[in-house]
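Report on the following structure.
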Amino acid sequence: MIRLVFYGKLWFSGQPDKVLTPHNTKYIIIAMSDSRNTLIQPPSNPRFMFDFHNHLQDPRLRPHLTSVITAALAAGVHGCCCSSTSPADWPDVAHITSLHPRFTIIPAFGIHPWYLAPLPTDWPEHLEALLVTHPHAAVGESGLCGVNRLHPPDLQLTILRQQLTIAARYQRPVILHGARAWGHLLAAVKPFAHRIPALIAHSFGGSADILRQWLQLGGFVSFSG
20 MIRLVFYGKL WFSGQPDKVL TPHNTKYIII AMSDSRNTLI QPPSNPRFMF DFHNHLQDPR
80 LRPHLTSVIT AALAAGVHGC CCSSTSPADW PDVAHITSLH PRFTIIPAFG IHPWYLAPLP
140 TDWPEHLEAL LVTHPHAAVG ESGLCGVNRL HPPDLQLTIL RQQLTIAARY QRPVILHGAR
200 AWGHLLAAVK PFAHRIPALI AHSFGGSADI LRQWLQLGGF VSFSG
């Protein structure tokens, strides 16, 4: 397993240039740039690692969660952000946030572009209720997808905009999927860029020009290993 950690401005800390750890903040997302869009080099001997994106609620992991968390702690990983994919797994994500007293699990509640139907008609209200119940939660994993075309682009964009609106209302970071749709995703988030604490592009695969524009918006990116 390859783990990549990018160090930079941490969202929601209240002190954007102060480096925080899982033990003194409830908001930790590691990015590759600071508020001046300057590349940040990781420390040569980091004191902790934080897995900013996973899906621990995956049924295949359920029987092994305790051993997975124990192994992560042994490897120096002290926490993670666990992203949901649809209302169907929101309860599971909420449940696992308190599984281990020494392992910080920050939940993210959202609708992945692969799982847009069927959706309960009251999903926006349910999402808002979860954000109230979990004041440190992010919104995600949401976004647009040009790889899996199970759902038409117009529907993807509609659901994404609803989630961005909710994230702006509750001032929560958003974790975004944009496989082969990075240009469309950039256009979709631009109107929200200054209303949301952080826009995090998960597993970024866009062009250098899109990357520059994303960073100019103040967004964050991560790359797959």
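Note that this note's numbering has the sequence shown beginning at 20, numbered continuously upward. Don't be surprised by glycine CBs; every beta carbon is placed ideally from N, CA and C.
Please classify residue i: does DSSP put it in a helix, a strand, or coil?
i: residue 140; result: coil
i: residue 194; result: strand
i: residue 161; result: strand
i: residue 49; result: Unreliable placement is indicated for residue 49, whose pLDDT of 39 sits below 50; the coordinate value is still reported in the next sentence. Of the three classes helix, strand and coil, the one that applies to residue 49 here is coil, per DSSP.
i: residue 86; result: helix
i: residue 215; result: coil
i: residue 154; result: coil
i: residue 126; result: strand
i: residue 111; result: helix
i: residue 30; result: The predicted model places residue 30 with a pLDDT of 34, which falls under 50 and marks its position as unreliable, so this point remains unresolved.
i: residue 72; result: strand
i: residue 119; result: coil
i: residue 237; result: coil
i: residue 202; result: helix
i: residue 94; result: coil
Please identify the residue among the options whose C-alpha is closest to the C-alpha of residue i.
i: residue 165; options: 132, 75, 93; result: 132
i: residue 136; options: 191, 241, 123, 169; result: 169
i: residue 114; options: 77, 222, 68, 143; result: 77
i: residue 98; options: 110, 106, 119; result: 119
i: residue 246; options: 158, 200, 175; result: Shown here, the chain extends from 20 to 244; a query on residue 246 therefore has no answer.
i: residue 155; options: 228, 189, 80, 173; result: 189
i: residue 134; options: 112, 127, 153, 103; result: 103
i: residue 72; options: 112, 85, 237; result: 112
i: residue 223; options: 163, 139, 187; result: 163
i: residue 167; options: 230, 100, 200, 101; result: 200
i: residue 217; options: 197, 140, 234; result: 234
i: residue 203; options: 110, 229, 221; result: 229
i: residue 211; options: 198, 187, 221, 197; result: 187
i: residue 183; options: 237, 130, 67, 96; result: 130
Applying the 10 Å Cβ sphere with the 16-neighbour rule, what's the burial state of residue i?
i: residue 108; result: buried
i: residue 69; result: buried
i: residue 208; result: buried
i: residue 242; result: exposed
i: residue 83; result: exposed
i: residue 148; result: exposed
i: residue 213; result: exposed
Under 8 Å between the Cβ atoms of residue i and residue j?
i: residue 226; j: residue 195; result: no
i: residue 239; j: residue 219; result: yes
i: residue 145; j: residue 192; result: no
i: residue 150; j: residue 128; result: yes
i: residue 205; j: residue 175; result: no
i: residue 101; j: residue 80; result: no
i: residue 143; j: residue 185; result: yes
Practice problem: Would you check if there are 3 or more beta carbon pairs closer than 8 Å linking the segment 174-183 to the segment 84-92? | Solution: no
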